[in-house]
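Okay, so here's the structure we're looking at.
So this is what it looks like as structure tokens:
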């Protein structure tokens, strides 16, 4: 099994080959034949690089603002805006919106 540096060198080698293929305009198969590369290894590394996330995953900091109203607003296509919809008046808001259809 290759060590960490060998794996990194392999990854770098295949990344270079894949970049060369992308700029070549050739099909994967013809590029591999022309450069005496194993097609199966080529596709393995191409998929491996495609599966890498572009940005590392993680958590985002979310801050809640205090004093923000917990009511909803609905903007209708005709420009009418219904504001102040909350759990206590949801049934009334529903009837109002249905009558405006």
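Numbering (the working numbering), first residue to last: 1315 to 1415.
Built from N, CA and C at the ideal position, the CB exists for glycine as well.
| message | According to DSSP, is residue 1406 part of a helix, a strand, or is it coil? | response | helix
| Strand pairing of residue 1399, partner residues [DSSP] | 1386
| field | Limits of the alpha helix (DSSP H) - the one that residue 1331 falls within | value | 1318–1338
| Around the Cβ of residue 1356, are there at least 16 other Cβ atoms within 10 angstroms (buried) or fewer (exposed)? | buried
| Short check: CB of residue 1386 to CB of residue 1414, under 8 Å? | No, Cβ-Cβ distance for residue 1386 and residue 1414 is not below 8 Å.
| task | List the endpoints of the continuous alpha helix (DSSP H) containing residue 1272. | result | Examination of residue 1272 is not possible in this model, given that the chain is present from 1315 through 1415 alone.
| Among 1411, 1330, 1374, the one whose alpha carbon lies nearest that of residue 1388 | 1411
| Cα separation between residue 1394 and residue 1384? | Across the structure, residue 1394 and residue 1384 are spaced so that their CA atoms are roughly 20 Å apart.
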